[in-house]
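Note that the sequence shown covers residues 1 to 285 in this note's numbering.
We put the beta carbon where it would ideally sit given N, CA and C, even for glycine.
Okay, structure first, notes after.
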Amino acid sequence: MRLKRQKTYKRYMGVYQHSFGFREPYQIIVDGNFIKVAQNSRLDYKSMLQETVVGKTRIMTTNCVVNELRTLGEDFMGAALAAKRLEKRRCPHGGNPVNAAECIKEIIGDTNQFNYCVATQDLTLRDYLRRIPGIPLIYINRSVMILEPPSPATTNKVKEIEHNKTIPTNYENTIIQKNTETPDEAPKSKKRKGPKQPNPLSCKKKKVNPAQQNQNKKKKNEEEKEKEEENIEVEKPKKRRRRRNKKKNNAGNSNEENNNNTNENENENEDDNDNDNDNIKRFVI
Ligand SMILES: [Zn+2]
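Encoded structure:
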């Protein structure tokens, strides 16, 4: 079987499964014509039926079908023997066998309660069964087994079933009525445990106008300048003190030197430099 055809047949059987409750193994009622055509075409109809319905099968026939094949003469003896070996589905006719088509119609009934598939070459029987929703119909055409697409009656029934699924049941209606009569009280506002304001780290910064930004920058620059000036003013007196100290030291040294050499007082600046150098040397030592 072609893959594409198998896919379509699987889809068809899916419709019967979901909407009508068909389950494996699928029960297939076979009539005499179908068996005869299969034998003439030398088809292994049992395995082909499994491929057609894409699943396990339970092939069966009725006593009425076997009796009909026996009455048709020697040409149908092979078909009669094959039908006899199949599983028999009990029919209400018992000792008074009827036409095979009539027998199958009675077994199917109005609703196909027991989920039977029907494999038949009888056109009138198939036409009749198409009017009843939920019956997969199988026939052989030029040694190819074909599963008919779901009939209009079946598709309409499927739509109806799907629509009924959306309608609330009696139990659901009672619940709806209760809820409408006594509406629930307004839910109490729960206390928030976390911080009242959003986490500032997770928020975007507020946008500031460019004019305001410039003003703020200017202010900052001015403040920084003022601070720097203050620092300089604060630092200056320290330098003076150092210089004064240095001068004092120099003066002390110069006095000592004055005692030794009075000529050196004339060039104080030079002495200062020398003393500075001496001080640096001392620190180094
Ligand atoms: Zn019967």
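- Just so you know, the alpha carbons of residue 151 and residue 176 end up roughly 38 Å apart.
- Judged by their CB atoms, residue 12 and residue 147 are nearer to each other than the 9 Å cut-off.
- Scanning its chain for C-beta atoms nearer than 8 Å, with the 5 sequence neighbours on each side dropped, one finds around residue 139 the residues 34, 119, 120, 121, 126, 145, 146 and 148, in chain order.
- For a cut-off of 8 Å, the C-beta gap from residue 84 to residue 66 is around 5 Å, short enough to register as a contact.
- Note on the segment 34-76: whole beta strand (DSSP E) runs with a minimum of 3 residues are 57-61, in chain order.
- Per DSSP, residue 141 is one residue of the beta strand (DSSP E) stretching across 137-141.
- Within 8 Å of the C-beta of residue 163 there is not a single heavy atom belonging to ligand 1.
- Residue range 116-119 is occupied by the beta strand (DSSP E) that includes residue 117.
- At a threshold of 8 Å, residue 120 does not count as near ligand 1, since its beta carbon sits no closer than that to any of the ligand's heavy atoms.
- Counting every other CB atom within 10 Å of its CB across the protein chains shown gives residue 68 a total of 16 or more, marking it as buried.
- Between the segment 42-58 and the segment 14-26 there are three or more inter-stretch CB-CB distances shorter than 8 Å, so the stretches are counted as touching.
- Taken atom to atom, the span from the alpha-carbon of residue 10 to that of residue 17 is near 10 Å.
- One Cα belongs to residue 232, the other to residue 220, and the distance between them is close to 18 Å.
- The shortest CA-to-CA distance from residue 115 to any of 101, 190, 21 and 124 is the one to 21.
- A direct Cα-to-Cα measurement between residue 36 and residue 87 gives close to 17 Å.
- Assignment of residue 208 by DSSP, reduced to helix, strand and coil, places it in the coil class.
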